[in-house]
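In terms of the working numbering, the sequence shown is residues 9 to 142.
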Amino acid sequence: MAKIIGINKGNSTASTTIYDPTCSSGSLLIKAGEEAEKSITLFGQEMDIATVALASMNMVLHNQAQNLHGIRQGNTISDPKFIKKDGDKEVLEAFDYAVANPPFSFASWTKGFIDDKTKARSYRASVKYCKRLN
Numbered sequence: 009m010a011k012i013i014g015i016n017k018g019n020s021t022a023s024t025t026i027y028d029p030t031c032s033s034g035s036l037l038i039k040a041g042e043e044a045e046k047s048i049t050l051f052g053q054e055m056d057i058a059t060v061a062l063a064s065m066n067m068v069l070h071n072q073a074q075n076l077h078g079i080r081q082g083n084t085i086s087d088p089k090f091i092k093k094d095g096d097k098e099v100l101e102a103f104d105y106a107v108a109n110p111p112f113s114f115a116s117w118t119k120g121f122i123d124d125k126t127k128a129r130s131y132r133a134s135v136k137y138c139k140r141l142n
């Protein structure tokens, strides 16, 4: 993956940032860090708290702990953790590279969004309103 997106020792510095919004055990971040062969800054977010701990441990085991800015726990879409202040408002942090292996098998990936019953009520209300317009 790191080779595909162009991370290599010739174009990476300590200020180069890589983000994995679904980092799981951190393997993509580790590979990107190894490919750079220099000090780069790694960021990750993971929903499962146990997997956050596993990813942090993997960073230590693969000599990437010095590059790790942080792996934070939470749903990347409904509760992004890497935000910064821009004047009086909060905005998402920007990164030089992003790598991800989306958790397609995760059953409750929609946690934090509108539930199906609420969607159905909203849909029915919209249909009724449109019918009245005709």
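Beta carbons: idealized from backbone N, C-alpha and C, even for Gly.
Does DSSP classify residue i as helix, strand or coil?
i, result
"residue 53", "strand"
"residue 59", "helix"
"residue 73", "helix"
"residue 20", "coil"
"residue 64", "helix"
Cα-Cα, which of the options is closest to residue i?
i, options, result
"residue 23", "81, 109, 72, 104", "104"
"residue 89", "42, 129, 52", "52"
"residue 106", "61, 91, 25, 76", "25"
"residue 80", "57, 101, 36", "57"
"residue 28", "83, 138, 139", "83"
"residue 48", "66, 77, 60", "77"
"residue 70", "40, 141, 139", "40"
Just curious, the alpha helix (DSSP H) that residue i is in, first and last residue?
i, result
"residue 39", "35-44"
If I follow the unbroken beta strand (DSSP E) through residue i, where does it start and stop?
i, result
"residue 48", "Neither: residue 48 is in no beta strand (DSSP E) and is coded neither H nor E."
Residue i bridges to which residues according to DSSP?
i, result
"residue 100", "91"
"residue 25", "49"
"residue 79", "52"
"residue 106", "27"
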